[in-house]
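Visitor: Submitted below is the structure of interest, expressed as structure tokens.
Residue numbers (the numbering used here): 28 to 124.
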């Protein structure tokens with residue numbers, strides 16, 4: 028989780044028998060198929076799918092609107108560095124060569 032982005036949740040398939048829920052901070056919400064939910068996932072959050080049916084949610088990351096262009100450039104520089112911790116621990120392709 029990081030506060031340099033907002034995460035959009037677009038529910039594509041939701042259980043019909045027992046609605047999936049998401050909690051961000053102290054607020055618990057239900058998803059609605061086809062309706063985007065925007066959240067800052069740097070806040071404590073969790074989801075529940077207590078159904079046997081699938082829950083498919085497309086996640087889309089966008090820049091946090093309070094970041095300046097300079098902030099964005101610094102973040103890009105950090106994640107682009109060949110030895111960045113993100114690249115070596117999260118990239119499916121491993122370190123940049």
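Ideal Cβ positions, reconstructed from N, Cα and C, are used throughout, including at glycine.
Bridge partners for residue 88 per DSSP, in chain order?
Guide: For residue 88, which the question treats as bridged, DSSP gives the partners 34.
Visitor: Using alpha carbons as the reference points, say which of 31, 105 and 44 lies closest to residue 82.
Guide: The residue with the shortest Cα to Cα distance from residue 82 is 44.
Visitor: Tell me the rounded alpha-carbon separation between residue 57 and residue 104.
Guide: Spanning the two alpha carbons is a distance of roughly 37 Å.
Visitor: Would you be able to state if there are at least three C-beta pairs under 8 Å between the segment 85 to 99 and the segment 46 to 55?
Guide: The answer is no - the segment 85 to 99 does not touch the segment 46 to 55, with fewer than three Cβ pairs under 8 Å.
Visitor: Going by C-alpha distance, which of 70, 71, 47 and 32 is nearest residue 60?
Guide: Closest by alpha carbon: 47.
Visitor: Nearest to residue 31 by alpha carbon, out of 40, 78 and 99?
Guide: Selected option, being the one with the closest Cα: 99.
Visitor: So, under 8 Å CB-CB, residue 38 and residue 78 are touching, yes? Tell me the CB distance rounded to an integer number of Å.
Guide: Contact flag wrong, Cβ pair sits at about 13 Å.
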